[in-house]
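Quick notes on the structure that follows.
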Amino acid sequence: MRIGILFGGASREREISFAGGRTVYDNLNKNLFEPIPVFVDSLGNFILLEWKYLYKGTIRDFYPPVNKRPQSSYHFQAYLESLGALDGGQLDAIIHEVGQKVSVEQLGEKIDFAFLALHGSFGEDGTIQGLLEWMNIPYSGSGILSSSIGMDKVFQKKMMKSAGWNTADSIMVERNSWLVSENQLSVYKRSIKKIGFPLVIRPANQGSSIGVSIIEKDDFEFFRNAVDRAFFIKSVSAEKWNILSQEEKREWVRATSEIKDGTGIPFIINHQRIDDPAKLFEYLEKRFTESQDPILLQSIYEEQQVLLEEFIDGIEFSCIVIRNIDGTAVALPPTEIKKGKEVFDYRSKYLAGMTRKVTPVDLPDELIEKIRKNCERLFRFFNFQVYARIDGFIRKDNKVFLNDPNTTSGMLPSSFFFHQAAEIGLNPSQFLTYIIHTSIIERIQSQPYTEKYRALLRILDESIIQQKKKGQGKKKIGVILGGYSSERHISVESGRNIYEKLASSKQYEPVPIFLLQNSHDLDEADCFFELYQIPVNLLLKDNADDIRDKILHFKKHKVIEKIKRKCKALTSKYSSSSTVFEPKKISLEELGQSVSGVFIALHGRPGEDGHLQSSLEKLGIPYNGSGIEASQITINKYETNELLIKHGFQVAKHALFNKADWVMNKSQFYTDIENKFLQTAPNSSYPVICKPVDDGCSSAVKKINSREELDSFCQLIFRDHQELPAKYVDSLHMKPGEEFPLKQQLLVEDLITANGAKKFLEITCGMVTKINVDGELIFEIFEPSEALAGDAILSLEEKFLAGEGQNITPARFSNDPAEDKRIAGMVKNEMERAAKLLGIVGYCRIDAFVRIYEPGTVETIIIEINSLPGMTPATVIFHQAALNNYKPFDFIDKILEFSFKQKNRG
């Protein structure tokens, strides 16, 4: 069956839709379905996307294509609409570079079923549903009416209040009224009188975290800015603009232009449309030299209504409700969202480890059941179909407030959508099969012409039966994830991604294995570890610490057991006979007897340091990546740098410093670093780079701009306890939830700069190895990617979070194609030479800076070698592999095939 996955779109949540579409594409059972990516661009064009673009980190990495964007020295990221008005020929040329444009009428010839991964306007508001019904194409999720209700928060509240539901006190503000400045103070006073503080401000028709603010106290200016933010308008004055530096102005334009957490370009300013961030920058510069009058930026992605709501002080939850096999509504175990006072924003929603999600809600059983019953009743009340995500709060007086029913859920691997389905034993691939099957049934029951749908249902039912019969005989692979390094949360995301790619394949059956530390008293480098086979519901927790706690304190929950019994017919139809529901401690010997090989998805120690590799080799268990010796070298950045220098490679100037010296005399310690790296007086020649000597590629890597920041870094990395003192966290501008490891040594490096080069790039380059017919080791070096960091250092988000950062693949070494190819070849040769020197096999990723001088001299300065690079869905190595025609599964398959051939390495 051909499943068209509709994703992207024009909404502010298009990046999450893009990442969700990729998740669906990867997780669809390839024995049952042929996934067809149908990218919907921000102008509403349907594009049969070439699969390689699915694995870009963001839409802006490939669309519009780099060669179709206007040249600019500002390097702002932009979407298609920032190109301005395009004629038909220009638009067709842009689309042709990434895929094939299809009309709505042609869509039915290309797909049998539409899986909707679209968010927001035109995606979950009934619009696309109506279009598909007109074209007689069955689709996933709710129908036209219930989708439109699910999108309109104002209408929802009216209906719920009239039907007797608990609803927060609220005031609705109309855009046209708010734009009359004389009305704003009266709106503020009315909200204080009716609602008081805290006060929640949210757009009426956006995703649950877009444009939301909380007002804690009486502050009219803050209130006005928050309502403007929810309407996606922004006032800027000459006074505020002119005091900014050029760098601060560029950052202001970038943040304001961002659609997911800014105001969102294109803008209307005094009836003039400005499409491009660079043009906005130039407009403001010119405008505020000519006039001091403030101006109002209004996004074309405007909001007509804003809700001012009472803040519900209680436990926040989210609950997926599904249609059971007998047609009844069943609420899956609701998830509690544990966070601080801050709004549950984009970053905390989608970056692994940023929040704690507790399933089920940590409440007495009777209150969990009360939440579930309320969610099931609302599902029926709005006539939702297939599934819905219902958010709400339960107060201390046990009153339940449901405030945000959604007919489309985020579909990232750790989303509530998959997270709660896993509690009843369905992995993502199986849950997607359930969604498709149940959606066809819903379309049959709600539409008059169903012959086509009934035929599809018969085919799918027969395919599910046949696939169950064929399920035996797949090659089992243990996927080892977790660990106890500062990048353990990223490891979980990497391991989950590997699991999901293998689970939806025809030849592998993955077995998730969590590695945890078995003692807190030992030094990190010498810790022993334990392995546990975990059920899929633990695998889909989005936090490594949560998985660890659930393993060590495992117990069955009465409510979950009850839901599992209620859904037994459903899970029997879609799940595997080998499904496990409890964590099980397993030795390496037992693991070796039960699997054909392992995939190590760990980051830092003990996965990347040769420790685990040594244990696996003793037992003859094939594993991915480099062997013992290469792992022992590359985990240590100082030793790696020293070896590279010895063999003629360029690396950053570097030095190793010890905690013992810092403890003895901090002032002298800082002076020693400054004498080593700074050419003049302290604070005049900073920055330097500080990082752990033996941790992950983004873990605690900081640009240090002063002795004060150097002291803060040392206070954190050399501290004696896990707690992070707020004073030093603030000094280093660390983000909420960011981790900082405890270490005995500190590596300091020069900040690599252009040094007079005509072109200067930060690049990252992946590779994979294979054995040729003569038994020789062959390196396949991928095209390097150019990394555009928001700061001098690529953050965890920019490396691993969907929709963050930007990587351009291949890197742009020169505008001249022949020269570009020559330079790329030189850089790739250096990467291969370094990998061979270090004994890298299997695959790896090398990060470097490249300086290009006149008349074509090239310097490659290596800064990081990752023997087990991150394998999250958004990571750049998949973009590079795609250019060499490897889909992510094909790339993983190549890595595993090599590990089987290298079983007896030493």
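Residue numbers (my numbering): 1 to 906. Idealized CB from N, CA, C, for every residue including glycine. Keep in mind that this is a model prediction, so the values were computed, not measured.
The Cβ atoms of Glu336 and Val321 do not sit closer than 7 Å to each other.
Residue pairing by DSSP puts Glu780 in a beta bridge opposite Val768.
Leu132 counts as buried, since no fewer than 16 other beta carbons sit within 10 angstroms of its beta carbon. Met135 and Arg254 have their alpha carbons spaced roughly 40 Å apart. In the structure shown, Cys319 falls within a strand segment according to DSSP collapsed to helix, strand and coil. For the beta strand (DSSP E) assignment, the uninterrupted runs of no fewer than 3 residues enclosed by the segment 727-752 are, from N- to C-terminal side, 745-750. In this structure, Val386 is the residue among Lys399, Val386, Val40 and Leu412 with its C-alpha nearest to the C-alpha of Gln445. By the CB criterion at 7 Å, Ile763 and Ala811 fall inside the cutoff.
Taking C-beta separations shorter than 7 Å and ignoring five residues to either side along the sequence, the partners of Thr438 in its chain run Arg323 and Val386, following chain order.
DSSP places Lys370 inside the alpha helix (DSSP H), whose first and last residues are Asp365 to Phe381. The beta carbon of Glu239 lies closer than 6 Å to none in the same chain, with the five residues before and after it left out. DSSP, reduced to helix, strand and coil, places Thr571 within a helical segment of the structure shown.
Between the alpha carbons of Arg175 and His489 lies a distance of about 42 Å. Every unbroken stretch of the alpha helix (DSSP H) spanning 4 or more residues and falling wholly within the segment 434-520 is given here in chain order: 451-470 and 488-503. A straight line joining the alpha-carbon of Glu674 with that of Lys691 spans about 16 Å. Beyond the five residues adjoining it in sequence on each side, Gly88 comes within less than 8 Å, by CB distance, of no other residue in the same chain. The way I'd put it, the segment 15-24 doesn't touch the segment 67-78; fewer than three beta-carbon pairs between them come closer than 8 Å.
Under the three-state reduction of DSSP, Asn176 is assigned to helix. With 16 or more other Cβ atoms from the protein chains shown falling within 10 Å of its own Cβ, Ala874 counts as buried. Per DSSP, Gln533 lies in no alpha helix (DSSP H); the unbroken beta strand (DSSP E) holding it starts and ends at Phe529 to Gln533. In the structure shown, Lys338 adopts extended strand secondary structure according to DSSP, grouped into three states. Here Ala422 has Val536, Asn537 and Leu540 as same chain residues with Cβ atoms under 6 Å from its own Cβ, once five neighbours each way along the sequence are excluded. In this structure, DSSP gives Glu762 an extended state, which the three-state scheme calls strand.
Taking C-alpha positions only, Ile440 is separated from Arg458 by approximately 10 Å.
The residue among Ser209, Gln206 and Arg224 with its C-alpha nearest the C-alpha of Asn183 is Arg224. For Lys703, the three-state secondary structure derived from DSSP is strand.
In the three-state scheme derived from DSSP, where H, G and I count as helix and E and B as strand, Phe76 is classed as coil. The beta-carbon distance between Gly44 and Ala10, rounded to whole angstroms, is 7 Å. This is short enough to meet the 8 Å contact definition. If one requires a minimum length of 4 residues, the alpha helix (DSSP H) runs lying completely within the segment 249-316 are 277-290, in chain order. Straight through space, the alpha carbons of Ala114 and Glu34 are spaced by roughly 12 Å. Judged by DSSP in its simplified three-state form, Pro405 adopts strand. Asp847 carries a strand assignment under DSSP once its states are collapsed to helix, strand and coil.
Here Asp61 is buried. Its C-beta has 16 or more other C-beta atoms within 10 Å.
Remark: C-beta atoms of Ile717 and Leu710 do not approach each other more closely than 7 Å. Distance from the CA of Ile621 to the CA of Asn497, rounded to the nearest whole angstrom, comes to 22 Å. For the 7 Å CB-CB criterion, Leu6 and Leu118 form a contact.
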